[in-house]
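Protein chains in written order, with our numbering: chain A, 1 to 335; chain B, 336 to 615. Note that the Cβ used here is the ideal one computed from N, Cα and C, for glycine as well. Just so it is clear, the structure is predicted and the values come from calculations on it, not from any experiment. Heads up, the thing below is written out as structure tokens.
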């Protein structure tokens, strides 16, 4: 089945969508698509069928999101913990993924028409090589599209992602691009797999479980969390509307909390810059205490130099990631 | 046309607001009316038939529960809950904190056998008023007659021990958390690691999840919370311990103000019935 489910909303759905769009609508929604196996048990079909139905529901939900003016969606497709499942099930999921990415490459034209950019977040090196190559090809093929964005978390856990971000910053230090004192919350965010996306405004988990299961823990610290009891393959347009309404009810308080957090971040960065400058003045100064104006000037200068270093480092990181994917994509043996 | 949709949208949200207010008022009314009935029902559920003539006062109920929890009874049917979390986080997302109610929640947690309780709000208000909170906790413990419960209570704030009892056997920790313990601590640990790389003591390839976990716990050893009870209308964690909450169950309660022991028990029951597959 296709990644893009063509189709229109019926009259009532369209009217409801228009009403919701009169208020604030999330720009980025994340889904934990839970409940495929329970759905399969409920309908007395096998697990593979449950996962397949789950994928179909994903395609449908993407269309609903677009119709609600939600341009970016992130989904939790496969966790590193899922490798603990039976060999049979893991192999089945890998095969399903290969089929889906092959299908995606077939539909390149449709994806271009709709401007869909596909990204895959996770440690791709944990996957079978042929799947890695297919994924790389799909990501490279849709890289320039910018109307809407689908991020698929595959071989992913949030802790791995955060540890990897620290590894990238440490690499930057090793390469002499940045200093350890340049490490900040903003820089860590830029080193995550999700660095090209804004933080999700809304996180939805289906099937009634009320935990995050190691998904986007850093990025969703100030997101609206909605837990719904419906099983993922049974998700409906109305479930999505319900989640968006909850987002709208929480919008004001969450924006306020985000602003508070950002102010605190700025304050901490300024404090860190002050501390670095104080240290520098101690080491390189002539022993006389610097006056207020000189100190302020030094802090501003230091801030600019830090930002330039960080910019160069992020450019190098982007190039490293892009060339990894381009190399993999060129190895793929698909026309 | 856009104006019509906007009007309908506003009406929808006004109706939702009215609905929420009605539900809250009804809940308060029902609780006050059913108060007596609730207490008998809960007592009957939790005590064996021989103790059916159980008295009504909340104090005696809490004492009874705490005795059984400490005894860690072997019969599942006689136990308070099937499984107890080791660390419970109390996440307050309301504007006006009520220190007495928070102290109650902390004391109830300790009484049923939860060994680590953390209290969090995203403004850092509890951290600023930690001595006030400690006073209230001690007062509530005395009020419920739990001062002879024989567990050692360590009260932490900003990673420092503010107060520690001398009584031995059993250990309870109460930790007052703020956003600094969340992303800020993660960044600090990352900076520490990058400094060791700068000084050529380590390489970038040395870092992985277990190592970073250990680094984080070097300065503040906070166990992962199994359960977070969130009090208030905001559906967000607002920066609470992002690294630690990977498998945490979230139970939402409408408010911590005048929260009842029954509400607290129901939240614990919800936790004990959940099943964690851990990816499998």
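The alpha-carbon of residue 264/A is positioned some 12 Å away from that of residue 184/A.
Per the coordinates, the alpha-carbon of residue 59/A lies some 11 Å from the alpha-carbon of residue 52/A. Taking 8 Å as the cut-off, the beta carbon of residue 242/A is found no closer than this to the beta carbon of residue 27/A. Closest in alpha carbon position to residue 456/B, among 586/B, 344/B, 613/B, 566/B, is 566/B. In the three-state scheme derived from DSSP, where H, G and I count as helix and E and B as strand, residue 86/A is classed as coil. For residue 541/B and residue 551/B, the gap between their C-alpha atoms comes out near 15 Å.
Annotated as proximal: residue 246/A and residue 570/B, with beta-carbon spacing under 8 Å. Excluding sequence positions up to five before and after residue 547/B, its CB lies within less than 7 Å of the CB of 524, all in the same chain and listed in chain order.
Taking CB atoms only, residue 533/B has a neighbour in chain A less than 8 Å away.
Three or more beta-carbon pairs drawn from the region 416 to 426 of chain B and the region 553 to 564 of chain B are found closer than 8 Å, and the two stretches are therefore classed as touching. Under DSSP, residue 451/B forms a beta bridge with 422/B, 508/B. Taking C-beta atoms under 8 Å as the contact rule, residue 136/A and residue 317/A fail to qualify, at a distance of about 17 Å. Pairwise C-beta distances place the region 178 to 198 of chain A in contact with the region 151 to 166 of chain A, as three or more of them are shorter than 8 Å. For chain A, the residues of the region 446 to 469 of chain B that bring a beta carbon within less than 8 Å of one of its beta carbons are 457, 458, in chain order. Shown in chain order are the members of the region 566 to 580 of chain B whose Cβ falls below 7 Å from a Cβ of chain A: 569, 570, 571, 572, 573, 574, 577, 578, 580. Residue environment: residue 211/A is assigned as buried (16 or more neighbouring CB atoms within 10 Å of its CB, all protein chains considered).
Pairing residue 124/A with residue 269/A, the inter-Cα distance amounts to about 33 Å. Annotation for residue 96/A: 48, 51, 52, 55 place their beta carbon closer than 8 Å to its own, counting only its chain and skipping 5 residues before and after. Close partners of residue 520/B in chain A (Cβ separation under 8 Å) are lacking, with about 11 Å as the shortest Cβ gap. At a cut-off of 8 Å, the C-beta of residue 225/A has a neighbouring C-beta in chain B. For residue 156/A, the pairing in a beta bridge is given by DSSP as 79/A. The CB of residue 528/B comes closer than 8 Å to the CB of 166, 170 in chain A, given here in chain order. Separation of residue 228/A and residue 346/B (C-alpha to C-alpha, rounded to the nearest whole angstrom) is 24 Å. Apart from the 5 residues on each side of it in sequence, residue 165/A sits with its Cβ closer than 6 Å to the Cβ of 188, 191, 192 in its chain, given in chain order. By the Cβ criterion, the region 166 to 175 of chain A is not in contact with the region 127 to 135 of chain A, since fewer than three pairs of Cβ atoms, one from each stretch, lie closer than 8 Å.
Proximity of residue 427/B to chain A, defined by a Cβ-Cβ separation below 8 Å, is not satisfied. When the five nearest sequence neighbours on each side are left out, the beta carbons in the same chain lying within less than 8 Å of the beta carbon of residue 312/A are those of 177, in order along the chain. By the Cβ criterion, the region 470 to 480 of chain B is not in contact with the region 515 to 534 of chain B, since fewer than three pairs of Cβ atoms, one from each stretch, lie closer than 8 Å.
With fewer than 16 other CB atoms across the displayed protein chains lying within 10 angstroms of its CB, residue 12/A is exposed. Taking 8 Å as the Cβ-Cβ cut-off, the region 209 to 242 of chain A approaches chain B at 209, 210, 211, 212, 213, 214, 217, 218, 220, 221, 222, 223, 224, 225, 226, 227, given in chain order.
Within the same chain, and ignoring the five residues on either side of residue 122/A in sequence, the residues whose Cβ sits closer than 6 Å to its Cβ are 153, 154, 155, 156.
For residue 224/A, there is no enclosing alpha helix (DSSP H); the residue is part of the beta strand (DSSP E) that begins and ends at 224 to 227. Think of a sphere of 9 Å around the beta carbon of residue 23/A: the chain B residues whose beta carbon falls inside it are 341, 344, 345, 347, 348, in chain order. Bounds of the alpha helix (DSSP H) holding residue 267/A are 237 to 284. Think of a sphere of 9 Å around the beta carbon of residue 613/B: the chain A residues whose beta carbon falls inside it are 81, 84, 213, in chain order.
Each residue's CA atom was taken as its position, placing residue 272/A and residue 580/B some 27 Å apart.
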